[in-house]
Ligand code: SF4
């Protein structure tokens with residue numbers, strides 16, 4: 710199940726890729742920075758075909774780590790040829806030209822750098838509400854995307870201080886005249902789905 714963003718609650722098959730080009734101190738998937746096992750594309754396809762039958766979903770989410778640091782072109786093209794819909798959760802520092810239905814962009818501090826290409830193709834933007842996130846960071850990124858693209862304030866590892874800070878920052882942004890900034894949550898943590 711997708712637990713975050715606009716697709717929240719939709720049955721989704723997750724493929725978690727090992728490795729990340731960033732090392733965020735607040736990362737809640739540090740276990741994905743290294744290790745993992747090498748799996749052939751055909752093996753992945755067989756697994757997701759079975760899961761598709763079981764869970765009646767056509768959505769695949771590639772996540773990590775950072776999924777775009779691996780060469781996922783063959784995998785994505787094969788999945789598309791079988792009519793899966795592809796979501797990619799990325800920190801935005803890399804871009805590859807592959808057929809993706811849904812980019813979830815989550816730029817990371819301190820620079821919040823992302824490839825400019827995402828300004829036209831991201832379906833949603835998520836910022837993790839860490840202790841030193843400022844409304845200035847949120848507003849800068851809000852201004853860089855079309856108004857219809859929501860910007861989610863995503864609580865940090867479901868911690869209460871992060872929820873409180875998200876509310877405060879949202880209020881500040883509203884008072885400064887900005888819209889389509891939303892409070893996010895992690896539904897998979899509430900439902901205890903791994
Ligand atoms: S970009 Fe994401 S996966 Fe990579 S270290 Fe930061 S939070 Fe973790």
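Numbering (this note's numbering), first residue to last: 710 to 903. Every residue, glycine too, gets a C-beta built ideally from N, C-alpha and C.
Secondary structure of residue 725 (DSSP, three-state): strand. The bridge partners DSSP lists for residue 831 are 812. Residue 768 is bridged by DSSP to 794. Here residue 873 is exposed, its C-beta having fewer than 16 other C-beta atoms within 10 Å. The closest heavy atom of ligand 1 lies 6 angstroms or more from the beta carbon of residue 835. DSSP places residue 757 in the helix class (H, G or I) of the three-state scheme.
Here the residues close to ligand 1, judged by CB distance below 6 angstroms to any of its heavy atoms, are 729, 731, 732, 733, 736, 738, 773, 774, 775, 800, 817 in chain order. In this structure, residue 727 and residue 741 form a Cβ contact; the two beta carbons are roughly 6 angstroms apart against a cut-off of 8 angstroms. Residue environment: residue 746 is assigned as exposed (fewer than 16 neighbouring CB atoms within 10 Å of its CB, all protein chains considered).
No Cβ-Cβ contact shorter than 7 angstroms links residue 861 with residue 828. Non-local C-beta neighbours of residue 724 in its own chain, meaning closer than 6 angstroms and more than five positions away in sequence, comprise 771, ordered along the chain. Boundaries for residue 891: no alpha helix (DSSP H) harbours it, while the beta strand (DSSP E) harbouring it runs 890-892, taken from the DSSP string. Within the same chain, 767 come within 7 angstroms of residue 792 by CB-CB distance, once the 5 residues on both sides are set aside.
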